[in-house]
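Note sheet for the following structure.
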Amino acid sequence: MMREDQLPRFDGVFAPVVYRDGGIDMVDQTVLPERTVVLRLTDVAEVAEAIRAMRVRGAPAIGITAAYGMVLGLEASEDPNRIAETLRETRPTAVNLTWAIERMLRTFERHKDESAADIRAAMLAEARRIHSEDIAANRKIGQCGAELLPTGARVMTICNTGALATGGYGTAYGIIRAAHEGGKLAMAYPCETRPRLQGARLTAWELLKDEIPFRLIADGAAGALMSRGGIDAVLAGADRIAANGDSANKIGTYGLAVLANHHGIPFYIVAPTSTIDPKTETGAKIEIEERSEDEILAPYGCRFAPDGASAWNPAFDVTPAELITGIITEKGVFTFPYGF
Ligand code: MRU
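Basically my numbering = 1-based index in the sequence shown + 21.
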């Protein structure tokens with residue numbers, strides 16, 4: 022493993038992407054945990070490819086990456102609207118991507134009559150502000166969420182919502198981190214999260230790095246663990262939260278919410294307010310990304326299914342608002358009926 026001090030850092034924490042000397046340093050999440058590779062991206066096409074291929078993933082992290090991508094494009098004197106379009110088309114579900122791009126476009130509008138150097142400086146400052154604000158929001162979320170947990174908490178989570186998925190620190194993972202630091206966490210149970218295995222590959226990598234106690238579980242073991250009284254709370258991230266509180270997150274989240282409700286276990290969605298999309302009324306209107314069936318038939322190049330098999334591979338599902346105990350944000354905890 023690369024030494025901790027060799028990984029990118031921003032605002033005092035490990036960050037999956039940073040902008041440095043006219044380029045983006047990015048931890049390649051497709052090769053973790055086997056290898057820790059920091060890529061160097063220098064143009065918009067590379068940034069778009071990295072988001073599409075999930076070298077960077079997680080809603081806040083792709084928003085921050087797109088913001089830095091806008092800066093790179095302007096360095097090459099590209100048209101901001103064209104850059105925005107290229108980056109927006111990479112992944113459809115996470116609203117943080119559009120949110121960050123629109124914020125960068127508004128910044129451009131405010132500065133467009135200034136010199137090219139001043140425009141570039143203003144854009145980079147805005148991208149870094151988006152990044153800083155995300156880390157600050159995560160820290161607040163961590164504190165606020167940890168207060169909701171009992172001492173000795175056993176917490177289930179899904180996918181990766183850690184530093185890798187955000188500007189740094191993490192959302193649902195940030196609560197696990199804060200609970201651990203506050204001496205409240207007994208055990209984290211990350212689901213392995215098929216088919217891309219973000220739980221097994223990425224969350225386990227972060228938990229080991231952060232020395233937080235955990236036991237990885239197969240996705241199918243979640244119900245059994247809850248039924249034995251082994252879980253005090255489920256914490257999941259979000260890619261887009263509709264105006265009514267319906268929340269899209271990694272495929273399998275909805276199943277965890279149903280199970281948690283059946284067993285009377287609090288089920289929380291954890292996200293910065295940049296993930297709330299007031300323009301989308303309900304979960305039914307959220308576009309769900311469908312990815313290649315090869316991710317299921319032959320994950321990471323290892324073929325399990327027989328030749329001729331086909332697969333359905335939605336990357337996300339929607340948890341209805343009424344199954345969510347609370348939505349934990351940097352502005353506090355929202356509860357049903359959600360009116361943001
Ligand atoms: O397909 P991914 O890995 O980008 O999906 C990520 C998730 O579903 C996360 O839970 C969500 O983006 C929140 S990350 C803080």
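A virtual CB, placed ideally from N, CA and C, is assigned to each residue, including glycine.
Values in this document were obtained by computation on a predicted structure and should not be read as measured data.
Among the options, the one whose alpha carbon lies nearest that of residue i
i, options, result
"residue 178", "166, 192 and 255", "255"
"residue 323", "125, 217 and 334", "217"
"residue 99", "140, 212, 235 and 266", "140"
"residue 73", "36, 282, 269 and 118", "118"
"residue 176", "235, 267, 47 and 39", "235"
"residue 194", "214, 203, 159 and 173", "159"
"residue 153", "326, 81, 260 and 358", "81"
"residue 231", "192, 184, 253 and 266", "184"
"residue 113", "319, 350 and 336", "336"
"residue 328", "315, 209, 346 and 334", "315"
"residue 45", "56, 30, 274 and 320", "30"
"residue 106", "278, 65 and 96", "65"
"residue 353", "151, 108, 169 and 94", "169"
"residue 189", "265, 342, 43 and 47", "47"
"residue 253", "224, 215 and 205", "205"
"residue 49", "149, 96, 223 and 277", "223"
"residue 262", "138, 341, 156 and 79", "341"
"residue 192", "165, 208 and 247", "165"
"residue 173", "202, 272 and 147", "202"
"residue 298", "317, 63, 266 and 187", "266"
"residue 339", "268, 89, 226 and 26", "268"
"residue 91", "78, 76, 63 and 116", "63"
"residue 270", "284, 53 and 289", "289"
"residue 197", "233, 226, 229 and 225", "233"
"residue 26", "59, 317 and 162", "59"
"residue 305", "246, 264, 330 and 34", "264"
Residue i CB to nearest heavy atom of ligand 1 below 8 Å
i, result
"residue 35", "no"
"residue 288", "no"
"residue 81", "yes"
"residue 112", "yes"
"residue 78", "yes"
"residue 177", "no"
"residue 217", "yes"
"residue 315", "no"
"residue 334", "no"
"residue 212", "no"
"residue 271", "yes"
"residue 337", "yes"
"residue 340", "no"
"residue 75", "yes"
"residue 260", "yes"
"residue 187", "yes"
"residue 301", "no"
"residue 257", "yes"
"residue 193", "yes"
"residue 182", "yes"
"residue 292", "yes"
"residue 221", "no"
"residue 330", "no"
"residue 115", "yes"
Boundaries of the beta strand (DSSP E) in which residue i is found, first to last residue
i, result
"residue 47", "44-48"
"residue 174", "174-178"
"residue 236", "Per DSSP, residue 236 belongs to no beta strand (DSSP E) and is neither H nor E."
"residue 41", "38-41"
"residue 355", "353-355"
Opening and closing residue of the alpha helix (DSSP H) in which residue i lies
i, result
"residue 140", "137-169"
"residue 345", "Run containing residue 345: none; DSSP gives neither H nor E here."
"residue 116", "116-132"
"residue 53", "Careful: residue 53 lies outside any alpha helix (DSSP H) and carries neither H nor E."
"residue 61", "Residue 61 -> not in any alpha helix (DSSP H); beta strand (DSSP E) instead, spanning 59-62."
"residue 113", "Unbroken run through residue 113: none, as it is neither H nor E."
List in chain order: all unbroken alpha helix (DSSP H) runs of 4+ residues lying wholly within the stretch 181-221. 193-202
Complete beta strand (DSSP E) runs within the stretch 298-327 (minimum length 3 residues, chain order): Runs of beta strand (DSSP E) with 3 or more residues, each lying fully within the stretch 298-327, are absent.
Those runs of the beta strand (DSSP E) which lie wholly inside the stretch 249-300 and span at least 3 residues: As far as the stretch 249-300 is concerned, its whole beta strand (DSSP E) runs of at least 3 residues are 254-257, 261-263, 268-271 and 288-291.
Completely contained alpha helix (DSSP H) runs for the stretch 64-93, where each covers 4 or more residues: Counting whole runs of 4 or more residues, the stretch 64-93 contains the alpha helix (DSSP H) stretches 65-73.
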